[in-house]
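Numbering (my numbering), first residue to last: 14 to 287.
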């Protein structure tokens with residue numbers, strides 16, 4: 014029988030590419046999106062699409078229930094992927110905006126995972142794949158909210174892996190660096206909505222960030238297409254003994270190495286230029 018997988022954040026980018034690729038590969042794919050309008054778009058692409066809003070527990074429960082109704086109550090894999098980045102200096106960041114970042118990037122992922130675990134325990138197997146980031150283990154200025162959410166995700170994931178040892182349920186992190194997706198466009202919306210750019214002492218830096226986020230194409234060196242993450246996802250799904258972490262893009266490998274090698278203050282000087 015085809016392996017079943019629930020993927021979140023499928024409206025574009027990493028999630029969409031993964032859903033279409035795995036569907037073509039023979040998986041029973043359930044593609045979840047935050048916007049109800051995107052459900053119709055994905056359905057037109059031939060995918061089983063569902064509305065799932067990480068910030069709404071009832072939405073998570075309904076989506077998972079709809080998936081289980083189609084699988085007979087089982088689910089082989091979950092790929093937690095849907096997320097966004099809230100730019101801005103921490104001193105300019107409203108606490109409510111930080112809470113919203115965690116609702117979408119951490120708490121919703123935890124809720125979905127928590128609801129899935131009894132199913133995987135009952136069937137005796139399963140895999141939970143978490144899409145983290147290079148910013149889940151190194152920090153950069155003006156990305157504090159996103160950094161904090163991904164650091165938290167890494168801690169939750171590492172702990173969950175320990176707690177599930179011996180259950181037949183694997184927990185895996187994928188850590189991409191720069192990927193060409195709609196991430197920048199969504200970050201720009203959050204930036205304008207929650208940061209008082211004009212009144213900030215960081216205004217000059219913000220103007221540079223606005224130009225970068227508004228550009229049609231990423232100017233990040235070594236940026237890759239979503240297929241790079243999908244390749245790592247396939248390895249995480251199909252390996253008999255998956256790695257704990259799959260790093261994607263050169264910057265992720267580089268900073269993982271530099272974090273082990275360099276004194277913290279030396280690394281700080283490199284990161285503050287990024």
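From the three backbone atoms N, C-alpha and C, an ideal C-beta is built for every residue, glycine too.
Legend entry - DSSP three-state assignment for residue 40, whether helix, strand or coil: Coil.
Legend entry - Short Cβ contact (7 Å threshold) for residue 107 with residue 199: In this structure, residue 199 does not lie closer than 7 Å to residue 107 by Cβ.
Inset, instruction - Out of 43, 17, 156 and 259, point me to the one whose CA is closest to residue 242's CA. - result: In terms of CA proximity to residue 242, 259 leads the group 43, 17, 156 and 259.
Inset, instruction - Could you tell me whether the Cβ atoms of residue 103 and residue 157 are closer together than 7 Å? - result: Taking 7 Å as the Cβ cut-off, residue 103 and residue 157 qualify as a contacting pair.
Inset, instruction - Tell whether a beta-carbon distance below 7 Å holds between residue 120 and residue 80. - result: The answer is no: Cβ separation not under 7 Å.
Inset, instruction - Check residue 33 in the structure and name its three-state DSSP category. - result: Helix, per DSSP.
Inset, instruction - Compare the C-alpha of residue 262 against each of 147, 87 and 99 and name the closest. - result: The shortest C-alpha separation from residue 262 is found at 147.
Inset, instruction - Hey, could you find the ends of the alpha helix (DSSP H) residue 48 is sitting in? - result: Counting along the chain, residue 48 falls outside any alpha helix (DSSP H), and DSSP gives it neither H nor E.
Inset, instruction - Given a cut-off of 7 Å, decide if residue 255 and residue 235 are closer than it, judged by their beta-carbon atoms. - result: No, these two residues do not count as a Cβ contact at 7 Å.
Inset, instruction - Examine the ligand ZN and report whether any of its heavy atoms sits within less than 6 Å of the Cβ of residue 205. - result: In the structure on display, the ligand ZN does not appear, and there are no ligands present to speak of.
Inset, instruction - Tell me whether the beta-carbon of residue 117 lies closer than 7 Å to the beta-carbon of residue 40. - result: No.
Legend entry - Between the CA atoms of residue 18 and residue 250 - distance to the nearest angstrom: Cα to Cα, residue 250 sits roughly 10 Å from residue 18.
Legend entry - Of the listed residues 166, 239 and 109, nearest to residue 193 (C-alpha basis): If we check each option's Cα against that of residue 193, 239 comes out closest.
Inset, instruction - Look up residue 187 in the DSSP assignment and give the residues it is bridged to. - result: Among the bridge pairs identified by DSSP, residue 187 is matched with 144 and 259.
Inset, instruction - Please go through the stretch 204 to 252 and give each complete alpha helix (DSSP H) segment of 4 or more residues, from N-terminal end onward. - result: Restricting attention to alpha helix (DSSP H) runs no shorter than 4 residues, the stretch 204 to 252 encloses them at 216 to 227 and 240 to 251, ordered along the chain.
Inset, instruction - Can you give me the start and stop residues for the alpha helix (DSSP H) that residue 129 sits inside? - result: That run of the alpha helix (DSSP H) goes 121 to 136.
Inset, instruction - Determine contact between the stretch 84 to 92 and the stretch 138 to 147, defined as no fewer than three beta-carbon pairs at a distance below 8 Å. - result: The stretch 84 to 92, when compared against the stretch 138 to 147, does touch it at the 8 Å Cβ threshold.
Legend entry - Spatial distance of residue 268 from residue 83 (CA atoms): Each residue's alpha carbon lies about 42 Å from the other.
Legend entry - Beta-carbon spacing of residue 72, residue 195 below 7 Å: By the CB criterion at 7 Å, residue 72 and residue 195 fall outside the cutoff.
Legend entry - Euclidean distance between Cα positions of residue 65 and residue 276: Residue 65 and residue 276 have their alpha carbons spaced roughly 42 Å apart.
Inset, instruction - Report the rounded CA-to-CA distance for residue 48 versus residue 74, giving the unit in angstroms. - result: Between the alpha carbons of residue 48 and residue 74 lies a distance of about 16 Å.
Inset, instruction - Starting from the C-beta of residue 136, find all residues in its chain whose C-beta is less than 6 Å away, skip the five residues before and the five after it, and write them out in chain order. - result: 87, listed in sequence order.
Legend entry - Distance, residue 237 Cα to residue 29 Cα: Rounded to whole angstroms, residue 29 to residue 237 spans 15 Å at the Cα level.
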